[in-house]
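S.K.: Once you've had a glance at the structure underneath, I'll fire off some questions.
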Ligand code: ARG
């Protein structure tokens with residue numbers, strides 16, 4: 235039997251392989267809510283424009299509501315032979331309400347339908363991701379406030395560089411997430427145009443009210459070019475680009491957590507909730523959640539690459555290639571959502587080992603810059619000379635096997651005779667971080683102010 239929905243000119247049914255490669259119902263069933271909402275908006279508009287009878291529109295809306303509850307209660311029978319969500323819904327509608335169902339597809343194609351559904355789906359996903367990211371920011375800012383004065387080693391090249399505070403380090407990620415949210419918000423703004431009414435590619439001869447359907451679905455306006463509306467997937471690419479960058483940011487903190495939780499550094503303790511044991515080595519506590527967040531960036535970036543390549547060189551307008559936009563995007567956005575949730579949990583639960591952090595901050599001559607700055611400020615040395623003298627003092631301390639603040643004053647004086655006792659006031663890690671009061675710097679009072687500012691802003695955005 236040929237396909238009921240489009241098989242008028244066909245005499246036999248598709249090969250089983252054709253059905254396998256063609257069907258998208260296994261993944262586009264996730265669009266059911268958006269598909270039904272768009273169909274309801276379309277039918278209501280057709281009735282208002284006198285294109286279908288008001289009575290038919292009512293039956294259609296009623297039938298669609300029934301289908302929605304069938305799907306949500308798991309009673310709906312999805313059929314692969316019906317290819318996709320659009321035809322599964324329409325075919326069930328015909329079973330439920332009979333002839334009027336055949337009027338729903340007036341002045342509509344699956345091409346504008348899928349473009350509409352997927353825009354709505356991506357928009358909903360962005361809204362959910364934004365909430366999750368805000369929650370993650372809150373977890374980071376709360377931890378940062380709690381540990382605004384906890385000194386840890388700051389690294390460049392993963393070599394001890396200068397002391398920073400744990401709070402300052404966490405707030406760096408709050409800033410990154412703010413830009414991630416901005417990228418999603420930008421993508422959302424651009425995608426929020428309604429393709430519905432573009433037809434297969436050329437528009438339609440029916441007198442539609444496209445503003446009405448756009449409004450009903452929460453779009454800002456109808457799309458201005460029917461060819462563009464049905465054939466671009468830049469809204470998915472852009473969202474995946476934002477997701478990729480967000481996942482890269484998550485992977486960086488995930489990697490740091492792996493490093494911090496390793497006994498080699500021992501800077502943080504992870505909770506039982508976000509670690510696992512080893513089946514062989516009883517002593518192990520593995521940071522699996524962090525490792526998986528680090529890894530999931532791979533498939534998220536992979537989905538972006540995949541879709542970019544699907545779209546490359548594709549002539550206008552719709553081509554079935556575009557059906558391949560969904561699986562990768564759905565997988566990527568759910569991987570991102572899971573990653574954000576896992577990071578939020580880990581950040582809430584992790585406990586820095588404050589004493590260990592402070593000790594590590596004092597290792598590796600982390601206050602050498604403070605010494606050089608002291609030479610500049612107190613002895614009026616040019617910075618380059620101060621840098622050189624400090625280097626020689628560090629070498630001497632290394633020779634003696636002591637940290638800078640334990641090096642005897644006379645040893646320092648062998649290199650710079652004008653150094654006085656008060657030099658020791660700048661050599662402790664606490665003094666060092668306290669002195670970094672420049673805007674954006676690591677001083678605990680800056681960190682406290684920034685953390686509070688973020689928490690206030692996040693609270694305000696909620697209401
Ligand atoms: N399942 C299709 C997709 O996701 C729907 C559009 C099909 N249109 C068509 N002319 N075959 O792209």
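In the numbering used here, the protein residues as written are 235 to 697. Just so you know, even glycine gets a beta-carbon here, dropped at the ideal spot from N, CA and C.
#1: To the nearest angstrom, how far is the alpha carbon of residue 551 from that of residue 557?
#2: Between which two residues does the alpha helix (DSSP H) containing residue 400 stretch?
#3: Pull up the distance between the alpha-carbon of residue 661 and that of residue 604, whole angstroms please.
#4: Kindly provide the ranges of any alpha helix (DSSP H) runs that are 4 or more residues long and lie completely inside the region 471 to 537, ordered along the chain.
#5: Can residue 454 and residue 427 be called in contact, C-beta distance under 8 Å?
#6: Under the rule that 16 or more other beta-carbon atoms within 10 Å means buried, what is residue 673, buried or exposed?
#7: For residue 542, does the count of other Cβ atoms within 10 angstroms reach 16, so buried, or fall short, so exposed?
#8: Out of curiosity, what's the CA-to-CA distance linking residue 508 and residue 518?
#9: When you compare only the Cα positions, how much space is there between residue 619 and residue 481?
#10: Say whether the region 644 to 652 touches the region 365 to 373, bearing in mind that this needs 3 or more beta-carbon pairs closer than 8 Å, one atom from each stretch.
#11: At 4 residues or longer, what runs of the alpha helix (DSSP H) sit wholly inside the region 272 to 345?
#12: Cβ of residue 320 versus every heavy atom of ligand 1: is any distance shorter than 7 Å?
#13: Is the Cβ-Cβ distance between residue 531 and residue 567 less than 8 Å?
#14: Give the straight-line distance between the Cα atoms of residue 276 and residue 410, rounded to the nearest whole angstrom.
#15: Can you check DSSP and say which residues form a bridge with residue 387?
#16: Nearest-angstrom Cα distance between residue 500 and residue 636?
#17: Whole-angstrom Cβ separation of residue 601 and residue 387, contact assumed at under 8 Å?
#18: Residue range of the alpha helix (DSSP H) that residue 561 falls in?
#19: Counting beta carbon pairs with one atom in the region 353 to 367 and one in the region 252 to 271, are three or more of them shorter than 8 Å?
#20: What first and last residue would you give for the alpha helix (DSSP H) that runs through residue 633?
#21: If we ignore side chains and look at the alpha-carbon of each, how far apart do residue 617 and residue 626 end up?
#22: What's the C-alpha gap between residue 347 and residue 470?
M.R.: Looking at the atomic coordinates:
#1: For the purposes of this step, residue 551 is taken as residue 317 along the chain shown, with counting starting at 1. For the purposes of this step, residue 557 is taken as residue 323 along the chain shown, with counting starting at 1. When rounded, the distance between both Cα atoms is 13 Å.
#2: Numbered from 1 along the chain shown, position 166 holds the residue referred to as residue 400. Where residue 400 is concerned, the enclosing alpha helix (DSSP H) stretches over 400 to 425.
#3: Counted from its first residue, the chain shown places residue 661 at position 427. Counted from its first residue, the chain shown places residue 604 at position 370. When rounded, the distance between both Cα atoms is 7 Å.
#4: Those alpha helix (DSSP H) runs which fall completely within the region 471 to 537 and span 4+ residues do not exist here.
#5: Working through the chain shown from its first residue, we reach residue 454 at position 220. Working through the chain shown from its first residue, we reach residue 427 at position 193. With contacts defined by Cβ atoms closer than 8 Å, residue 454 and residue 427 form a contacting pair.
#6: Your numbering for residue 673 matches position 439 in the chain shown. It counts as exposed.
#7: Position 308 of the chain shown, counted from the first residue, corresponds to residue 542. By the C-beta density criterion, residue 542 is exposed, having fewer than 16 other C-beta atoms within 10 angstroms.
#8: As a first step, residue 508 is located in the chain shown; it is residue number 274 there, counting from the start. As a first step, residue 518 is located in the chain shown; it is residue number 284 there, counting from the start. Rounded to the nearest angstrom, the two C-alpha atoms are 13 Å apart.
#9: Residue mapping note: residue 619 aligns to position 385 of the chain shown, counting from 1. Residue mapping note: residue 481 aligns to position 247 of the chain shown, counting from 1. Cα-Cα distance, rounded: 44 Å.
#10: No, the region 644 to 652 does not touch the region 365 to 373.
#11: For the region 272 to 345, whole alpha helix (DSSP H) runs of length 4 or above, ordered along the chain, are 288 to 306, 319 to 331.
#12: Taking the chain shown and counting its residues from 1, the one referred to as residue 320 is at position 86. Under cutoff, so the answer is yes.
#13: What you label residue 531 is simply residue 297 of the chain shown in a count that begins at 1. What you label residue 567 is simply residue 333 of the chain shown in a count that begins at 1. For residue 531 and residue 567, no; Cβs fall outside 8 Å.
#14: Within the chain shown, residue 276 is the residue found at index 42, counting from 1. Within the chain shown, residue 410 is the residue found at index 176, counting from 1. A straight line joining the alpha-carbon of residue 276 with that of residue 410 spans about 40 Å.
#15: As a first step, residue 387 is located in the chain shown; it is residue number 153 there, counting from the start. For residue 387, the beta-bridge partners assigned by DSSP are 397.
#16: Along the chain shown, read from residue 1 onward, the residue named residue 500 stands at position 266. Along the chain shown, read from residue 1 onward, the residue named residue 636 stands at position 402. As the crow flies, the alpha-carbon of residue 500 is around 22 Å from that of residue 636.
#17: Your numbering for residue 601 matches position 367 in the chain shown. Your numbering for residue 387 matches position 153 in the chain shown. Not confirmed; about 11 Å, so no contact.
#18: Reading the chain shown from its first residue, position 327 is the one you call residue 561. In the DSSP assignment, residue 561 falls within the unbroken alpha helix (DSSP H) covering 560 to 583.
#19: Taking 8 Å as the limit for Cβ pairs, the verdict is that the region 353 to 367 does touch the region 252 to 271.
#20: Residue 633 sits at position 399 when you count from the first residue of the chain shown. Here the alpha helix (DSSP H) through residue 633 covers 617 to 634.
#21: Counted from its first residue, the chain shown places residue 617 at position 383. Counted from its first residue, the chain shown places residue 626 at position 392. Between residue 617 and residue 626, the C-alpha separation is close to 14 Å.
#22: One-based indexing of the chain shown puts residue 347 at position 113. One-based indexing of the chain shown puts residue 470 at position 236. For the pair residue 347 and residue 470, the Cα-to-Cα distance works out to about 16 Å.
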